[in-house]
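> Just passing along the structure, written as structure tokens.
Numbering (the numbering used here), first residue to last: 47 to 1104.
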């Protein structure tokens, strides 16, 4: 999928700012004796989606510009532009000049003009040429510097880091001075302005009627130490509007809690700021733009600075890696920025140095990126992660190595004192030396877990897999059947569950599972997440057959589910899974054989078969991205007892000349996931692509130029000094900020294959030499930042013309989304078009229409009306001859006043309503939050001082409000429901739904009170639920029988599952 390159620059806040918060992030102490060197003030590169420019890079640039932390008497300044910087060079306009010199339309066709106009350097040149400026014109650098002017201010030195950060963020969002924000907050916070909760309440108060901001509540500054979390800070540069007179618009984003990385554990999360920069072309951005220093936020305890050279040497070991290239070593910086969970600290002698395993040719590595760890080490890691069982593999990083480690269940590892040992082979080692020979601190000898194998359930195939499967012989009718089966299973289970809230809960858990945090975000009175809203209503006892609000929520969820499958074009295949691929280090599988087992038995609900292993049949394996016809391979399943204890991974043979993983989109074993399928309806008609991957196509044939430089040319005679580091980092940053054609190449390949599929009856489009050449180029571009491949706009246009011709390519209809996709023309000759528009769209319409026909007629729920209705009837029954005097008049005045205040809220809502309102829009949510806040603020009308009734102030209603917790809230909610259920049921539930749920649950009998943190860990036990509902299934016996059953029938064509 194409995504524009986004450049992220990480740079550290000064040491004084680093410790502004008294919390220690990531559970690590800073400057601990005997642990690590003193914390430096800068940090390396993180690669964002495509390119990241690193935290520490800021100090490695030429002397004219620096990102160094600087001392300032203005303790609250965030940014400060350095002085004395050289003027930038003019933005290049070569492409434009070429266009003006040549008037021949044949020489410069429209399609080529479009490509040039999309080139970043030209568009930037046009922007600069088209601006109205006086003489002399402001420099590019001057405009860039002015972006940071608004953050300069004078704030009190006693403010905490968090307070200053939030004040500056609000000031930038609202376009005012930070001092003005502070003056607005100070009266509301007083001496508690450094308290995050008090400050957040004040921020909410002053944010009313202002533009939205990016800050979140106070919990964003509180990472959970036990979950190894850290605070991530970021800022975003957007291109400013032409009328603004500036180049960029700066925004400080709210803090985000996420897993820690090695650098955060070394320094602390608040030491770094990620700068998100718009897509830039390396040729048009002067390097003087990097001259932005960061001043300290507040006075903090001293920490010892170290030089950038020492910091990078701590991570990269300069002298040991001078044989590498600059861009490859630069890419290794992200080892320190991978978000991981730190676990066991190993001793130096617990590392085992082993060789890679080679194929029969003696040259090809067959276990690239994979090795083993001892069983005892795997068990200790399991305990630290809180897992119930030891996974088959862990994906992680340690020292200069990364990859996957298989837990040694054969107890073949060498014995040590703790029986902890871990292998590291050359293909895993990205930064030398081998950890067994490296004197390193605890952080670098910590096994950092990024993921582990686990049960994943059935997998789904995407449009790329669908295209390859159809190209290799799988009939469209088979794919059509799988797609129809998925809709049928989804909707039939809902229909079976609609009469029982517990069954609907189980249905939601199966098809709409949500990952819960300890806190469930709420908007108005109900959870923000749509599925959690349904959970809340179902838990209270509401049913879709009676509650139209719940019925509509289910319909919206069904629509989203169906649309996501249609627009992303995914087809669930019950007899398939997405698992890690690992090499058979035991050497028991023959070439072309694989072994697969599961901890949780797989199940095909349509065919009614299940099992824990697959053996005795052929299968398919594939990997994304699947641009080539060889990216899915037909293999043979074989059950191997020696591998049976390692489940939820697929073992590939290590025999032969070429590893199977490399045939699948150039994969390896350092953490690649693969799709594995044993559905015989798909397998038996699949034929492998004979020619295999296009290994004969070279990068040069695709127009790529290698820009890598040997490190010994940058560090002559091994000299690693400040100037050499500047040279190294500047070159790497320039390269990584270049525009990437990966997205364009992938999209062009897809459009070419689509066009050719219509010409060739839907087959063989992937096999054309043009499509294969574009696919090869895309595979080179994936690793371009590491290998140093550069593709110029001229080369891209040339290769596109050679492969696609000069006529413009149209995007495939199946790629269109929303209303555009619903109404576009399509071609049934293309398999993906046919499945999306000819099958999936019809199935979506069918189930949504049927569900809409089942919608109940709007009718009031008597249990929700009762609290208010009971009180209102009391006023009518007790009124003596309608005189309006006495105790009943007090109650009536209270209820009439309540109705009046609710009416005001509804009128305000009606006045602000817009035709485009929907729950996902920011404006709707703001209005909803305001309505809920106004509703919560309604209090009972107080008795008048001149009331002639002496007992008015002691009326029993006031006593009920004082004595019964939640009494008044339930009366309000009941009144709101009774008065406006017909007018706007959605508004009623969104504003008062939590209290309506309390009323509903209480009306049905006994209830149980539960905290949110306890609720977040609950899930439906489907087996127990079936027993309660009298299904007659003895689950224990069924499980035992299923685990020892072998299925062999005509339907499975002799396959064995057990």
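Each residue gets a CB set at the ideal place from its N, CA and C atoms; glycine is no exception. Since the model is a prediction, treat every value here as computed from it, not as a measurement.
#1: Less than 9 Å separating the beta-carbons of residue 791 and residue 696?
#2: So, does the stretch 1019-1039 touch the stretch 549-563, judging by three or more C-beta pairs under 8 Å?
#3: Which residues does DSSP pair with residue 389 in a beta bridge?
#4: Do you know whose CA, among 567, 495 and 985, lies nearest residue 424's CA?
#5: Can you have a look at residue 854 and say buried or exposed, based on whether 16 or more other CB atoms are within 10 angstroms of its CB?
#6: Quick check on this structure: which residue in 842, 298 and 267 has the alpha carbon closest to the alpha carbon of residue 282?
#7: Identify the residues that DSSP records as bridge partners of residue 419: which are they?
#8: Would you mind giving the Cβ-Cβ distance between residue 528 and residue 619, rounded to the nearest angstrom? I have them listed as a contact below 8 Å.
#9: Beta-carbon separation of residue 682 and residue 694 under 9 Å?
#10: Check the DSSP bridge columns for residue 668 and list the partner residues they point to.
#11: How big is the Cα-Cα spacing for residue 746 and residue 631?
#12: Please report how far the alpha carbon of residue 851 lies from the alpha carbon of residue 726, in whole angstroms.
#13: Check residue 637 in the structure and name its three-state DSSP category.
#14: With 16 as the cutoff for other CB atoms within 10 Å, does residue 473 come out buried or exposed?
#15: To which residues of the same chain is residue 849 closer than 6 Å at the C-beta, ignoring the five residues directly before and after it?
#16: Could you check if residue 310 is buried or exposed, using at least 16 other CB atoms within 10 Å of its CB as the buried criterion?
#17: Measuring CA to CA, which of 477, 285, 213 and 570 is closest to residue 979?
#18: I'd like to check one pair, residue 684 with residue 635: are the Cβ atoms closer than 9 Å?
#19: Strictly by DSSP, which residues pair up with residue 956?
#20: If you compare alpha carbons, which of 305, 287, 639 and 768 is closest to residue 356?
#21: Which value, in whole angstroms, describes the spacing of the CA atoms of residue 712 and residue 386?
#22: Note the first and the last residue of the continuous beta strand (DSSP E) segment covering residue 627.
#23: Measuring alpha carbon to alpha carbon, tell me which of 1038, 1030, 1050 and 1068 ends up nearest residue 594.
#24: DSSP has residue 410 in a bridge; who is on the other side?
#25: Measure the Cβ-Cβ separation of residue 470 and residue 438 and say whether it is below 9 Å.
#26: If you run the structure through DSSP and keep just helix, strand and coil, what is residue 568?
#27: Please name the residue in 550, 277 and 390 whose C-alpha comes closest to that of residue 316.
#28: From this set, 916, 256 and 274, which residue's C-alpha is nearest residue 432's C-alpha?
#29: Which value, in whole angstroms, describes the spacing of the CA atoms of residue 965 and residue 872?
#30: Look at the alpha carbon of residue 206 and the alpha carbon of residue 225, and state the distance between them as a whole number of angstroms.
#31: With a threshold of 16 other CB atoms inside 10 Å of the CB of residue 1060, please say whether the residue is buried or exposed.
#32: Where does residue 202 sit, in a helix, a strand or coil, going by DSSP?
#33: Kindly identify the DSSP beta-bridge partner or partners of residue 448.
#34: What is the residue span of the alpha helix (DSSP H) that residue 606 lies within?
#35: Report the three-state DSSP secondary structure of residue 822 (helix, strand or coil).
#36: Tell whether a beta-carbon distance below 9 Å holds between residue 987 and residue 939.
The relevant details are as follows:
#1: no
#2: no
#3: DSSP, once it has assigned bridges, lists no residue as partnering residue 389.
#4: 495
#5: exposed
#6: 298
#7: 453 and 468
#8: 6 Å
#9: no
#10: 678 and 721
#11: 36 Å
#12: 40 Å
#13: coil
#14: buried
#15: 816, 819 and 820
#16: buried
#17: 570
#18: yes
#19: Its beta-bridge partners do not exist; DSSP assigns none.
#20: 768
#21: 25 Å
#22: 622-629
#23: 1030
#24: Its beta-bridge partners do not exist; DSSP assigns none.
#25: no
#26: strand
#27: 277
#28: 274
#29: 32 Å
#30: 15 Å
#31: exposed
#32: coil
#33: 443
#34: 594-614
#35: helix
#36: yes
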